[in-house]
Amino acid sequence: AERRLRRMLEHLVAPQLSTVSLDRSVCLSQTANANAAQEDVVYVPGDFARKSLISSRSQYEELYNEAIADPNAFWGRVAAGYFWQKLWDTSKPICNYNFDADKGPVFVEWFKGGYTNVCYNALDRHVLAGHGHQMCFLWEGNDPGQNAYLTYSDVLKKVCQVANFLRARGVKKGDRVCIYMSMICELPIAMLACARIGAVHSVVFGGFSSESLAGRILDCQAKVLLTCSGGRRANKVLPLKQIVDDALQICLKEGNFRVETCLVYDNSFAIPRQNVPWVQGRDVWWQETISQFSVDSPVEWMEAEEPLFMLYTSGSTGKPKGLIHTVGGYMVYAGLTFKHAFDHQAGDIFWCTADCGWITGHTYVAYGPLLNRATSVIFEGVPTFPDAGRWWQIIDKYQVSILYAAPTAIRTLAAQGDEIVRKYSRKSLRLLGSVGEPISPKTWQWFYDVVGDSRCPIVDTWWQTETGGCMIFSLPGAWPMKPGCASLPFFGVQPVILDQEGKEQHGPCEGYLCIKAPWPGVARTVFGDHERYENTYFKTWKGLYTTGDGCRRDADGFIWITGRVDDVLNVSGHRISTGEVEGALVSHPLCTEAAVVGYDHEVKGQAIYAFVSLSHDATPSDALKKQLQDAVRKQIGAFAAPDVIHWAVGLPKTRSGKIMRRILRKIAARQFNDIGDTSSLADPSVVDQLIKGM
Ligand code: WTA
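Here it is as structure tokens:
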């Protein structure tokens, strides 16, 4: 295997880039506003810009304008790059939609009437064109020395076997399949197998608890569950199959619902087989069973607007929403954004460090790279195991040329100092990407100077589970970057910034970020609850998609994302609903009320601060704090456990009983002199009591 990898790398090493050459004269002419403060701007290294797919602002503008003025031509051309078993109805507009809930149901349709299959376009298309021998996944396990390398043909065969197994178990087009696995190659393989047969996959991140998993299985009524015996993260073993069994018990007890089949990948690195709990008849071992199935499997041709997958995400209220992405639009958008956000070219080795349990992993570990016939690294472990040099070692080992990561991980590694980074060459890198939360200029600069040796542009990509793919990002090579700024919208994306009253603002401004018209990757509905989809995204501001984020536009027209304007927290890049954490806290018998806010945290970006009121017979103690944190771990997952628990005698409420989180945020941030107006509180003295109780 090592020899095979080395051979493959010889062919795939990215073209070496010459070292730091800041070609300012070339880049200046590309700035919208050459007067922009010099110190705010980092020019794209000249060598990169010369070779990038889009190398100037004017080239970008031409395509951007075309996508809006003539979507039929623009998106028709992009979609034609894929195989369609039947072309969409070209006599009609390529996109049909209604964003205005007052005018009737909100809907979005792209490529209506067309038939295709995402798995076919991600795998078969390349294999049939003679690229089956190309490396597809370079898998690196949690422990150094564990690896697996799969070519496009290897992956196609494995996908077909799983697809055949699912069919044999009665899974049909439209049925839901839940996937709960660690980051092994079988995770994207399972996703593709579903896509192949038209089953709707619902991947649940391996860090979610059995109760969260059960809620998601019940909501989508999954017919089959794909999992693995266990996973490893640093020194920890994740007992995934045990969690699955607990979840399926809950499904039976609470929803009288039985999952028919559970396919279990034997991940003996994590957990020995004999220690895996087993239910005869329902559970089957992956390796033994799958090998009995044929490596050919017919493709289910899907209408463009049929669902491809669902993915749960947290909002400000209620239980998580299962957002539905559809076949045609998602495919085209995932494919095109991957190509341009990462300037992907032949020979690149791409590495997105996200877990497939999140949208970033769906679009930029699984679908986007494969649709572009990329070679990518999949990593099961964490950046700091066995030491903080792991990422840099992996980059050298596989000659990674594009690294796409989350600011929280970058901050963790930056805190370890530069020396450990500099121990590794990192010469293969040519582009760095960031996603999931705002990246501060300081972290940006460290990423740029130290990791990228001031040679690699950084693409800061703003997007959401709902948007399917990147929306606003610094198109690499096309214009100078501003540290911490997502900059300009991708082709076809029309951002609008509203003021408090919902009036569209022009020029430099700050306000609510909305999007005017649909792009192909927008989620089409919430599974089983279209009304919730309309209420969440299309009711706040008439005729617009509401992102839930705030932003600022500067004099160059560049957009800076400032963060959520609703009650969604972003902890280490994980989207967490304050309401869900509060629900878990009050489920503790001694907790009568809870209010959760975020506060700034050096590494996590935001951390969770919970104000908790106890019943009169309870005594605050550290043991009780731990019980409350455990309640959240149990109901949601460890990543959502509050960092701080503040015993609160009362909570600041308006006379109508609404908790004023604005005040709690100030207290959590210890900004006691900046509490603001408290006159509308039912009992303003609560604020002083809370501050005294710190
Ligand atoms: C935040 C992740 C600033 C934002 C792809 C958004 C960002 C939420 C950025 C979506 C960025 C994501 N700069 N903020 N580059 N990228 N966000 O659904 O608040 O997990 O609304 O999708 O993350 O999180 P989600």
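Residue 127 in the UniProt record's numbering sits at position 123 of the sequence shown; the count goes up by one each step and never skips. Just so you know, even glycine gets a beta-carbon here, dropped at the ideal spot from N, CA and C.
Output the distance between the C-alpha atoms of residue i and residue j, rounded to the nearest integer angstrom.
i, j, result
"LEU327", "ASP692", "42 Å"
"GLY365", "MET195", "11 Å"
"ALA238", "ARG394", "11 Å"
"GLU304", "ARG430", "42 Å"
"VAL585", "ILE640", "8 Å"
"LEU479", "LEU502", "24 Å"
"VAL166", "THR465", "33 Å"
"ILE363", "SER298", "31 Å"
"ILE462", "VAL122", "29 Å"
"SER683", "LYS670", "16 Å"
"TYR101", "PRO411", "35 Å"
"THR379", "ALA338", "16 Å"
"VAL500", "ASN146", "43 Å"
"ALA635", "LYS629", "10 Å"
"MET698", "HIS578", "27 Å"
"PRO491", "GLN449", "Sequence check: residue 491 is Ser here, not Pro. Answer to the nearest angstrom: the Cα atoms are 16 Å apart."
"GLU606", "ALA419", "10 Å"
"LEU32", "GLY481", "Residue confidence for LEU32 is low, a pLDDT of 26 falling below 50, so the modelled location carries little weight and cannot support an answer."
"LYS543", "VAL530", "15 Å"
"ALA152", "GLU292", "18 Å"
"TRP114", "CYS99", "4 Å"
"PHE209", "ILE193", "16 Å"
"PRO493", "ILE565", "12 Å"
"VAL268", "LEU315", "21 Å"
Just to confirm the assignment, what range does the beta strand (DSSP E) spanning residue i have?
i, result
"LEU267", "265 to 269"
"SER438", "435 to 439"
"TRP289", "287 to 289"
"PRO499", "499 to 502"
"VAL228", "228 to 232"
"TRP651", "648 to 651"
"ALA409", "406 to 409"
"SER660", "Unbroken run through SER660: none, as it is neither H nor E."
"VAL425", "VAL425 -> not in any beta strand (DSSP E); alpha helix (DSSP H) instead, spanning 423 to 426."
"VAL204", "204 to 207"
Rank the options by C-alpha distance to the C-alpha of residue i and give the top, closest one.
i, options, result
"ASN125", "HIS620, PHE383, TRP450 and TYR334", "TYR334"
"GLU258", "CYS460, SER214 and TRP523", "SER214"
"SER317", "SER216, TYR368 and PRO493", "Note that residue 317 is Thr in the sequence shown here, rather than Ser. That would be SER216, whose Cα lies nearest to the Cα of THR317."
"GLY440", "ILE247, VAL381, GLY567 and VAL46", "GLY567"
"ALA345", "THR330, ARG659, THR357 and TYR368", "TYR368"
"SER438", "SER186, ARG415 and LEU628", "ARG415"
"TRP143", "TYR452, LEU191, ARG434 and ALA172", "LEU191"
"THR658", "ALA686, ARG665 and VAL636", "ALA686"
"VAL600", "SER660, LEU91, HIS592 and VAL616", "VAL616"
"LYS696", "ALA350, GLY654 and GLY210", "GLY654"
"THR330", "VAL112, ILE663 and VAL648", "VAL112"
"ILE58", "THR341, VAL404, ASP93 and PHE676", "THR341"
"ILE424", "ILE406, GLN403, SER405 and VAL454", "VAL454"
"GLY661", "GLY85, GLU597, ILE72 and SER625", "GLU597"
"PRO276", "VAL241, ASP250 and CYS255", "VAL241"
Taking the alpha helix (DSSP H) that residue i belongs to, which residues open and close that run?
i, result
"GLY259", "244 to 259"
"residue 4", "The question about residue 4 has no answer, for the chain in this structure spans 5 to 698."
"SER216", "214 to 224"
"ASP695", "Sequence inspection shows Ile at residue 695; the Asp mentioned does not correspond to that position. 689 to 696 is the span of the alpha helix (DSSP H), which, as asked, contains ILE695."
"LEU196", "190 to 201"
"TYR47", "Premise fails: TYR47 is in no alpha helix (DSSP H) and is neither H nor E."
"SER62", "61 to 73"
"THR367", "That residue, THR367, is in no alpha helix (DSSP H); it is neither H nor E in DSSP."
"GLN397", "394 to 402"
"ASP626", "626 to 639"
"ARG536", "534 to 542"
With DSSP as the reference, please indicate the residues paired to residue i in a beta bridge.
i, result
"SER617", "GLU597"
"TYR603", "ALA611"
"ASP553", "ARG568"
"TYR184", "THR231"
"THR379", "ILE353"
"ILE519", "PRO499 and TYR549"
"THR529", "ILE328"
"ARG237", "LYS240"
"residue 708", "Because the chain is modelled from 5 through 698, residue 708 falls outside the range shown and cannot be assessed."
"LEU685", "THR658"
**Prompt:** In the region 308 to 341, which residue ranges form an unbroken beta strand (DSSP E) of at least 3 residues, counting only runs that do not cross its ends?
**Reply:** Counting only runs of 3 or more, we get 311 to 317 and 325 to 330.
**Message:** Extract the residue ranges of the beta strand (DSSP E) inside the region 90 to 168, only unbroken runs of 3 or more that lie entirely within it.
**Reply:** You should have 99 to 102, 111 to 114, 139 to 144 and 151 to 155.
**Complete runs of the beta strand (DSSP E) confined to the region 433 to 486 [at least 3 residues]** = For the region 433 to 486, whole beta strand (DSSP E) runs of length 3 or above, ordered along the chain, are 435 to 439 and 462 to 466.
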